[in-house]
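In my numbering, the protein residues as written are 161 to 332.
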């Protein structure tokens, strides 16, 4: 009996010690996110045409020299000026990437992979798209070294009813 208890105690300690470091929850205007150590975020409105309805949130991890990104999560919320559906917008956006996959539905998003041509961080990406009649959410996740970008994206929580709807979350 003692041996069994000892084994369970060892397994518990092993699991506890292998747990990843806790992330710090950060709140931005439209979203909250769990950010691991080393990651930072910046948001801007009106980044494209000075329209305050345009929103950009860039979450990034820099290399050891703090010069270049090694991972990025870029989130854009824009007016749905053309009344696009998620699938039609994903198909349009895929045309602007090198070697894109065919967009497919994954939960509340239409997703595809490829390499964005217009970004300063040249790395493969997974692009996720969600639309409502009023807004469009475009999320570009780039993390070639698997440094936590997917878990950051998964931790996104909408802070407004519109943001929650775009993320496929229930309104509060």
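C-beta atoms are modelled at their ideal positions from N, C-alpha and C, and glycine is treated no differently.
Sub-9 Å separation of residue i and residue j beta-carbons
i: residue 289; j: residue 311; result: no
i: residue 280; j: residue 298; result: no
i: residue 309; j: residue 237; result: no
i: residue 276; j: residue 230; result: no
Residue(s) in a DSSP beta bridge with residue i
i: residue 236; result: 216 and 298
i: residue 318; result: 191
i: residue 185; result: 194
i: residue 201; result: 219
i: residue 257; result: 276
Cβ-Cβ separation, residue j to residue i (assumed contact under 8 Å), whole Å
i: residue 323; j: residue 302; result: That belief does not hold up - the Cβ atoms of residue 323 and residue 302 are roughly 22 Å apart, past 8 Å.
i: residue 263; j: residue 247; result: 6 Å
i: residue 274; j: residue 250; result: Not really, about 11 Å apart at Cβ, beyond 8 Å.
Where the alpha helix (DSSP H) containing residue i begins and where it ends
i: residue 248; result: 246–254
N-terminal and C-terminal residue of the beta strand (DSSP E) that residue i is part of
i: residue 285; result: 285–291
i: residue 276; result: 269–276
i: residue 265; result: 264–266
- Query: Is the number of C-beta pairs between the stretch 191–203 and the stretch 215–228 that are closer than 8 Å three or more?
  - Reply: yes
- prompt: Does the stretch 187–194 come close enough to the stretch 314–322 that 3 or more CB-CB pairs lie under 8 Å?
  reply: As far as the Cβ criterion goes, the stretch 314–322 touches the stretch 187–194, which means the pair count is three or higher.
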